[in-house]
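Report on the following structure.
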Amino acid sequence: MSSLADANVQSDLDIAPLLLPAKVLRNDAQAIKAAHELAQVASLQAAKRDRQRKLPWAEIEQFTRSGLGSISIPREYGGPQVSFVTLAEVFAIISAADPALGQIPQNQFGILNLVLGSATEAQKKQLFKSVLDGWRIGNAGPERGSKNTLELKARITADGVLNGQKFYSTGALFAHWVAVKALNDDGKQVLAFIRRGTPGLRIVDDWSGFGQRTTASGTILLNNVQADPELVVDNWRINDTPNIQGAVSQLIQAAIDAGIARGAIDDAIDFVKTRARPWIDAKAERASDDLYVIADIGKLKIELHAAEALLRKAGQVLDEVSAAPLTAESAARASIAVAEAKVLTTEISLLASEKLFELAGSRATLAEFNLDRHWRNARVHTLHDPVRWKYHAVGAYRLNGTLPNRHSWI
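Structural data, given as structure tokens:
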């Protein structure tokens, strides 16, 4: 199904998932503990889920029940408001076990930050409370066939009728709310929160990317979908003043890539220790005693630690600038710090997932191990936005004091 004519044909995918009670975590330590507990469970069948493209329903439900879905909600609205440092580490921990599981709730946190910056007080209270109660938010922003990723063809009328078609709709299939970006009659961008099951809203499980295979990042069809006017957020307002929307979104993206690198390096070390054979010229009994293998593992770990250090620094900068009134300069400082981290997390995720095979040897390519999922996941996820433009943004800022553009990709 790929046309709006199909949008009124109902299927099981159009029924909202079961709403389960969720904990409300109270501090950063609880969030880290919950992330480790989820990662331990998620890692057990991650390779099998990827191979069979089995969606991680049980794991995403554990994510929600554990309280992880609401960790960024401000304290004044009943949430724990963990630090950005902790938020990034939570996503890195989960993504080391299964980066598809890490990506599914990623947009929820970007959307929550957008709500914080542009929604009315009544909208904030309702939407934040719903997430605290266990509701999940899915993404319906990007579109295919547009001039660029900023262009929108979806439209919403003054009386709240939505029409359009979306793709890369990560999280929507698992969600209770679908957050739809559209242009209103004035040509301004709004974000409409649509309940799953609303007539005319169709979710099509047609994601076929060779990596991040179980994110269900496919099509959404919108055919005369009636939005609740009280839940249409004027998110165009966020760009009227300095904001950290792009930096928050990119921090989580970088954390997922850091997690992919961790998982790839851990699997490389395990395979070298338990299955790989030493090269004949190494004159070693074990592959783990090969001097070149040892040096390469050391290099990978150093580059991973450098990426993680910049990721923590980026989180710290976000914590600092968000604690005071934002200015154009402080918002730019956050974006640049995150951009620097994003460059290194992208590069180490790709390097580690490729180097794994060189170090582990031919046996590591066998389908039974499914170790190629690390590279496939890294390659697909890092295509979200090109790091070549991160280099440009950092250089322009450091050399000429040029502030980065204000959008969700920087």
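Note that the sequence shown covers residues 1 to 410 in the UniProt record's numbering.
Glycine included, C-beta positions come from ideal geometry on N, C-alpha and C.
Cβ distance (whole Å) where residue i is taken to contact residue j below 8 Å
i: Gly160; j: Pro229; result: 5 Å
i: Gln212; j: Lys342; result: 17 Å between Cβ atoms; not a contact.
i: Val90; j: Ala42; result: Actually they do not touch by this definition, with Cβ atoms about 13 Å apart.
i: Phe271; j: Ala364; result: 6 Å
i: Leu356; j: Gly315; result: Their Cβ separation, rounded to whole angstroms, is 27 Å, which puts Leu356 and Gly315 out of contact at 8 Å.
i: Gly164; j: Ala154; result: 3 Å
i: Ser118; j: Asp234; result: 6 Å
i: Ile93; j: Ala35; result: 4 Å
i: residue 432; j: Arg144; result: This structure gives no information on residue 432, because the portion of the chain shown stretches from 1 to 410.
i: Glu64; j: Leu20; result: The residue asked about is misnamed: residue 64 is Thr in this sequence, not Glu. Rounded, the Cβ-Cβ distance is 6 Å, consistent with contact.
i: Asn107; j: Asn139; result: 4 Å
Proximal residues to residue i (C-beta, below 8 Å), its chain only, five neighbours per side dropped
i: Gly395; result: none
i: Arg26; result: Pro80
i: Met1; result: Any reading at Met1 is ruled out, since the residue's pLDDT is 44, under 50, leaving its predicted position unreliable.
i: Asp14; result: Arg196, Gly197, Leu201, Arg202 and Ile203
i: Ser130; result: His176 and Trp177
i: Arg53; result: Arg213 and Thr214
First and last residue of the uninterrupted alpha helix (DSSP H) at residue i
i: Arg376; result: Asp372 to His381
i: Gln103; result: Pro99 to Gln103
i: Asn113; result: Gln106 to Ser118
i: Trp57; result: Trp57 to Arg65
i: Trp389; result: Arg388 to Asn400
i: Ile32; result: Asp28 to Ala42
i: Gln52; result: Ala46 to Gln52
Buried versus exposed call for residue i [16 or more other C-beta atoms within 10 Å across all chains shown]
i: Ala295; result: exposed
i: Glu308; result: buried
i: Pro386; result: exposed
i: Phe128; result: buried
i: Ile244; result: buried
i: Asn377; result: buried
i: Leu116; result: buried
i: Asn405; result: exposed
i: Asp50; result: buried
i: Leu191; result: buried
i: Leu44; result: exposed
i: Arg275; result: exposed
Beta-carbon proximity list for residue i, same chain, < 6 Å, skipping 5 on both sides
i: Gly78; result: Leu132
i: Thr345; result: Ala254, Asp257, Ala258 and Ala307
Beta strand (DSSP E) segment containing residue i, residue limits
i: Ala192; result: Gln189 to Arg195
Same chain, Cβ closer than 7 Å to residue i, five either side skipped, listed in chain order
i: Gly69; result: Ala22, Phe63, Pro105, Gln108, Val131 and Arg136
Continuous alpha helix (DSSP H) assignments of at least 4 residues falling wholly in the UniProt domain "Acyl-CoA dehydrogenase C-terminal" (251-385): 291-322, 328-360 and 372-381
List, from N- to C-terminal side, the beta strand (DSSP E) runs of 3 residues or more that fit wholly inside the region 111-189. 137-140, 161-166 and 177-183
Which runs of the beta strand (DSSP E) fall wholly inside the region 202-227 and span at least 3 residues, in chain order? 219-226
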